[in-house]
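Numbering-wise, the sequence shown is residues 28 to 804 according to the working numbering.
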Amino acid sequence: DFSQYKPSTVNRRIARRMAVHQIETIDGYVKYLQQTPPEVEALFRDLLIGVTNFFRDPEAFAVLEEQIIPKLFEGKPAGATLRVWSTGCSTGEEAYSMAIMLQERIEALKQNYTVQVFATDIDSRAIATARAGVYPASIAADMTPERLARFFSVESNGSSYRIHKSIREMLVFSEQDVIKDPPFSKLDLISCRNLMIYLGAELQKKLIPLFHFALKPGGILFLGTSEGIGEFSELFTVLDRKCKVYERKEYVYDLRREARGRFLPPVITQGELDEIGKSRTRGGIKPALPTKLPLRELTEQAILQQLASASALVNARGDILYLHGRSGMYLELMPGETGVSNILKMAREGLRRDLTLALQRVVGNKAVVRCFDLNVKTNGHFTRVNLTVSPLVTALATDTAESPESDLYLVILQDALPERVLSTSRAAPDAPTAPAGASNVAQTDAEGHTVAHIEALEQQLRAKQEYLQTTQEELESSNEELKASNEEMQSVNEELQSTNEELETSKEELQSVNEELATVNVELQTKVVDLSRANNDMNNLLAGTGVGTVFVDHQLRIMRFTPAATTIINLINSDLGRPVAHIVSNLVGYTTLVQDLQEVLNTLIPKEVELQAFDGRRYSMRIQPYRTVENVIEGAVISFVDITKLFDIRDALHQANDLLRLAVVVRDAHDAITVQDLAGRILAWNPGAVRMYGWSEVEALLMNVHDRIPENLRSGALAKLVQLGQAEVLEPYRSQRIAKDGSVVAVSIISTALLNETGQLYAIATTERSIQRGRDD
Numbered sequence: 028d029f030s031q032y033k034p035s036t037v038n039r040r041i042a043r044r045m046a047v048h049q050i051e052t053i054d055g056y057v058k059y060l061q062q063t064p065p066e067v068e069a070l071f072r073d074l075l076i077g078v079t080n081f082f083r084d085p086e087a088f089a090v091l092e093e094q095i096i097p098k099l100f101e102g103k104p105a106g107a108t109l110r111v112w113s114t115g116c117s118t119g120e121e122a123y124s125m126a127i128m129l130q131e132r133i134e135a136l137k138q139n140y141t142v143q144v145f146a147t148d149i150d151s152r153a154i155a156t157a158r159a160g161v162y163p164a165s166i167a168a169d170m171t172p173e174r175l176a177r178f179f180s181v182e183s184n185g186s187s188y189r190i191h192k193s194i195r196e197m198l199v200f201s202e203q204d205v206i207k208d209p210p211f212s213k214l215d216l217i218s219c220r221n222l223m224i225y226l227g228a229e230l231q232k233k234l235i236p237l238f239h240f241a242l243k244p245g246g247i248l249f250l251g252t253s254e255g256i257g258e259f260s261e262l263f264t265v266l267d268r269k270c271k272v273y274e275r276k277e278y279v280y281d282l283r284r285e286a287r288g289r290f291l292p293p294v295i296t297q298g299e300l301d302e303i304g305k306s307r308t309r310g311g312i313k314p315a316l317p318t319k320l321p322l323r324e325l326t327e328q329a330i331l332q333q334l335a336s337a338s339a340l341v342n343a344r345g346d347i348l349y350l351h352g353r354s355g356m357y358l359e360l361m362p363g364e365t366g367v368s369n370i371l372k373m374a375r376e377g378l379r380r381d382l383t384l385a386l387q388r389v390v391g392n393k394a395v396v397r398c399f400d401l402n403v404k405t406n407g408h409f410t411r412v413n414l415t416v417s418p419l420v421t422a423l424a425t426d427t428a429e430s431p432e433s434d435l436y437l438v439i440l441q442d443a444l445p446e447r448v449l450s451t452s453r454a455a456p457d458a459p460t461a462p463a464g465a466s467n468v469a470q471t472d473a474e475g476h477t478v479a480h481i482e483a484l485e486q487q488l489r490a491k492q493e494y495l496q497t498t499q500e501e502l503e504s505s506n507e508e509l510k511a512s513n514e515e516m517q518s519v520n521e522e523l524q525s526t527n528e529e530l531e532t533s534k535e536e537l538q539s540v541n542e543e544l545a546t547v548n549v550e551l552q553t554k555v556v557d558l559s560r561a562n563n564d565m566n567n568l569l570a571g572t573g574v575g576t577v578f579v580d581h582q583l584r585i586m587r588f589t590p591a592a593t594t595i596i597n598l599i600n601s602d603l604g605r606p607v608a609h610i611v612s613n614l615v616g617y618t619t620l621v622q623d624l625q626e627v628l629n630t631l632i633p634k635e636v637e638l639q640a641f642d643g644r645r646y647s648m649r650i651q652p653y654r655t656v657e658n659v660i661e662g663a664v665i666s667f668v669d670i671t672k673l674f675d676i677r678d679a680l681h682q683a684n685d686l687l688r689l690a691v692v693v694r695d696a697h698d699a700i701t702v703q704d705l706a707g708r709i710l711a712w713n714p715g716a717v718r719m720y721g722w723s724e725v726e727a728l729l730m731n732v733h734d735r736i737p738e739n740l741r742s743g744a745l746a747k748l749v750q751l752g753q754a755e756v757l758e759p760y761r762s763q764r765i766a767k768d769g770s771v772v773a774v775s776i777i778s779t780a781l782l783n784e785t786g787q788l789y790a791i792a793t794t795e796r797s798i799q800r801g802r803d804d
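Printed below as a string of structure tokens:
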């Protein structure tokens with residue numbers, strides 16, 4: 028019954044089956060289910076999501092191993108039994124994991140303990156796999172090599188592992204619907220991991236109290252990381268909130284008296300019940316019921332109507348909810364485990380049988396039952412006891428249909444007065460006035476005692492006969508149940524034989540499938556290696572080119588970037604997934620990156636921009652669409668190419684072109700153009716100077732400019748040099764220079780200072796033009 032499963036889970040599994048058969052509508056799939064019975068079974072298997080593995084969720088199992096399992100063994104003597112229930116165990120990996128950890132703890136304690144792990148699941152196929160205890164070689168990834176070697180044996184040439192017999196014998200696997208079938212009891216640990224996440228809220232509310240009932244006081248509840256106890260915090264204490272480990276609180280009936288009233292229905296008297304019946308008969312209106320009372324007041328109010336004697340408040344099963352008075356003469360604690368005390372088990376010799384029959388009658392007839400003169404053995408001798416069992420009607424029982432769990436019963440135990448005392452008390456008023464009839468009175472007392480004794484014996488005989496009749500009926504009922512169970516077991520045996528044959532066939536098919544899967548796995552591993560190699564090649568290519576590259580998606584979120592991009596845009600690994608607009612760049616004056624990216628995504632036309640960084644380096648930024656193999660645009664690629672050297676080469680080329688043009692001008696000029704250093708050595712001598720002064724370039728480069736200045740003008744030339752140190756260019760001035768043939772040539776000179784990169788004067792360039800003879804110097 029999946030009606031109370033989470034609708035989202037059911038819908039997903041149905042959608043999966045529809046996709047398998049390529050059915051588009053729910054109506055179509057319903058029709059397919061009606062026409063194809065095997066599909067119903069396939070859907071059932073799909074709804075039972077059996078995802079599990081060994082030591083699933085390592086952090087949670089570490090808490091279980093280090094904190095919880097040692098706690099389970101605390102206070103347990105050697106030879107004690109530890110009971111564990113793994114619900115929804117699927118194929119058994121989780122149950123075996125707990126058994127392995129328990130075995131390791133037992134070996135560490137170096138004592139003998141008995142461990143019983145009950146593993147249940149509704150899926151018969153999963154239970155069959157768990158019972159076999161054979162798992163594929165892939166389980167090696169789920170546990171340490173030490174555990175694998177210690178608790179498993181290799182089978183089928185290493186293709187599978189089988190659990191060791193010592194661990195297998197600790198587990199009992201069975202099919203069970205945890206919602207409908209009775210639970211196990213007196214458990215130390217319950218593991219219900221990743222089952223309730225598929226159930227609706229109502230089913231979860233049923234399971235948590237069920238687990239509380241099944242656990243011993245102090246027992247542990249181990250849930251999945253996405254599960255919890257919800258509103259039942261009063262039933263469990265949180266041991267580990269993250270890993271969802273809880274400890275059972277004391278059962279409600281074991282709590283302090285002050286807390287018990289919260290869990291029991293209010294009580295009304297028989298007279299109030301009659302009034303309620305009359306009111307309903309008259310007007311059909313249900314009157315308000317009395318408010319809830321503490322158990323102590325509830326019990327004492329009922330006892331006050333009886334004699335002040337030993338009494339107990341019990342439920343239909345005989346579980347004691349409250350004791351009043353000194354009950355040790357009639358009840359004794361049985362040896363063994365203690366929990367909720369049961370009055371039928373605690374009744375002393377001579378009381379148990381009559382108390383059992385009386386409680387059964389009261390439960391069945393809802394009428395007071397009294398038993399007189401019961402011989403109860405107390406401290407080695409028998410005491411005569413009167414027993415009264417009466418029902419208490421609860422408000423919960425009147426509001427609902429029959430609810431045996433809510434009915435309470437009051438058991439009163441009294442010492443019976445001896446018959447001679449009763450007879451004496453009846454005859455006492457006449458004794459003083461009739462002393463002569465003392466013998467008659469004695470005879471009457473003896474006869475009355477005999478009659479009373481006979482009546483008591485007859486009553487005991489009737490009680491024994493009733494007890495034997497009840498026992499006989501129970502025995503016949505048990506025999507019928509055993510016969511039915513035997514027939515069912517025979518049927519199950521035949522089914523198991525049939526299942527074994529099917530499993531043999533399935534095993535052969537699985538071996539064939541395993542071989543095919545092995546081949547496919549090898550192919551996939553080869554593809555994975557190729558993909559990894561290609562990914563490594565791409566990463567090394569992107570890193571080796573030195574090109575800063577950033578990948579963004581449609582929402583302009585950063586998906587990937589190369590190391591070189593971090594020097595241009597301030598990126599770190601945690602920026603993956605962030606919008607590119609949130610990232611600060613090192614580019615001067617460039618604020619339109621987002622707009623440019625959006626433009627490229629809209630137009631699918633690449634865009635290229637030259638930019639400069641704050642450190643002076645220059646980059647060519649190119650934005651182009653990111654295309655998949657299927658030619659789908661999934662974002663954009665931003666690449667930054669460092670073109671700083673290209674700019675330097677371009678500047679140097681411009682300078683070289685300028686110098687080339689200058690050299691041509693200098694070569695073809697008619698004026699004499701020379702360059703000299705600050706010491707006067709000639710560094711350059713153009714053809715115009717050769718024509719004007721007669722010295723060749725080779726000869727001139729060996730000369731000093733002072734050799735060409737007439738002696739009377741040398742001091743003036745030095746003064747001009749001082750002026751040139753203060754200004755880069757001097758106004759043209761006239762002077763004289765000596766030619767090779769010894770003649771003096773009158774010239775007009777323009778001097779220009781040549782500065783180095785630091786702005787210091789290192790040479791002087793002069794342009795000298797001949798002045799016609801006859802002009803005034």
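Here a beta-carbon is modelled for each residue, glycine too, at the ideal position from N, C-alpha and C. Quick caveat: nothing in here was measured; it's all calculated off a predicted structure.
- With a threshold of 16 other beta carbon atoms within 10 Å, MET586 falls short and is exposed.
- In the three-state DSSP reduction, GLU51 falls in the coil class, being neither helix nor strand.
- Closest in alpha carbon position to ASN731, among GLN703, GLU738, ARG741 and SER723, is GLN703.
- The criterion of a C-beta distance shorter than 8 angstroms is not satisfied by SER778 and ILE798.
- Look at the segment 361-411 and you find these whole runs of beta strand (DSSP E), each 3 residues long or longer: 396-405.
- Shown here for TYR32: same chain residues with a beta carbon closer than 7 angstroms to its own, the five before and five after excluded, namely TYR225, LEU226 and GLY227 in chain order.
- Taking the CA atoms as reference points, LEU598 sits about 8 angstroms from VAL611.
- Closest in C-alpha terms to SER770, from the list PRO737, LYS233, ASP381 and TYR59, comes PRO737.
- Taking all protein chains shown into account, GLY119 has 16 or more neighbouring C-beta atoms within 10 Å of its C-beta and is therefore buried.
- In the DSSP assignment, ASP215 falls outside any alpha helix (DSSP H) and within the unbroken beta strand (DSSP E) covering 214-219.
- PHE641 sits in coil when the DSSP states are folded into three classes, being neither helix nor strand.
- Between PHE81 and MET170, the gap from beta carbon to beta carbon is short of 8 angstroms.
- The Cβ atoms of LEU628 and ALA592 lie no closer than 8 angstroms to each other.
- Residue burial annotation: LEU680 is exposed, with fewer than 16 other C-beta atoms found within 10 angstroms of its C-beta.
- For HIS609, the three-state secondary structure derived from DSSP is helix.
- Exclusion of the five residues before and after VAL659 leaves no residue of its chain whose Cβ lies closer than 7 angstroms to its Cβ.
- By the Cβ criterion, the segment 92-102 is in contact with the segment 240-249, since at least three pairs of Cβ atoms, one from each stretch, lie closer than 8 angstroms.
- Here GLN231 is buried. Its C-beta has 16 or more other C-beta atoms within 10 Å.
- PHE200 and ILE154 do touch by the CB rule: their CB atoms are close to 5 angstroms apart, below 8 angstroms.
- DSSP places PRO104 outside both helix and strand once states are collapsed to three, so it counts as coil.
- In the DSSP secondary-structure assignment, ASN731 is bridged to ARG708.
- In this structure the segment 184-202 touches the segment 124-131; the number of beta carbon pairs closer than 8 angstroms is three or more.
- Counting C-beta atoms within 10 angstroms of its own C-beta, ARG718 has fewer than 16 neighbours from the protein chains shown and is therefore classed as exposed.
- DSSP places LYS243 within a strand segment (E or B) once states are collapsed to three.
- Excluding residues up to 5 positions away in sequence, CYS398, LEU401, LEU414 and ALA490 lie with their Cβ nearer than 7 angstroms to the Cβ of ASP381 in the same chain.
- When the Cα atoms are used, GLN622 and LEU568 turn out to be separated by approximately 29 angstroms.
- Within the DSSP bridge table, the entry for TYR760 names ILE776 as partners.
- The Cβ atoms of PHE641 and ASN613 sit closer than 8 angstroms to each other.
- For GLU182, the secondary structure class from DSSP, reduced to helix, strand or coil, is strand.
- In the structure shown, LEU414 adopts extended strand secondary structure according to DSSP, grouped into three states.
- Within the DSSP secondary-structure output, LEU569 pairs in no beta bridge.
- If you draw a 10 Å sphere on the C-beta of LYS137, you find fewer than 16 other C-beta atoms in it, and that means exposed.
- ILE206 sits close to LYS233, with the two beta carbons spaced by under 8 angstroms.
- A buried status is given to VAL412, since no fewer than 16 other beta-carbon atoms sit within 10 Å of its beta-carbon.
- Taken in chain order, the whole beta strand (DSSP E) runs of length 3 or more contained in the segment 128-168 are 141-148 and 161-163.
- By the Cβ-count criterion, GLN441 is buried, with 16 or more other Cβ atoms from all chains shown falling within 10 Å of its own Cβ.
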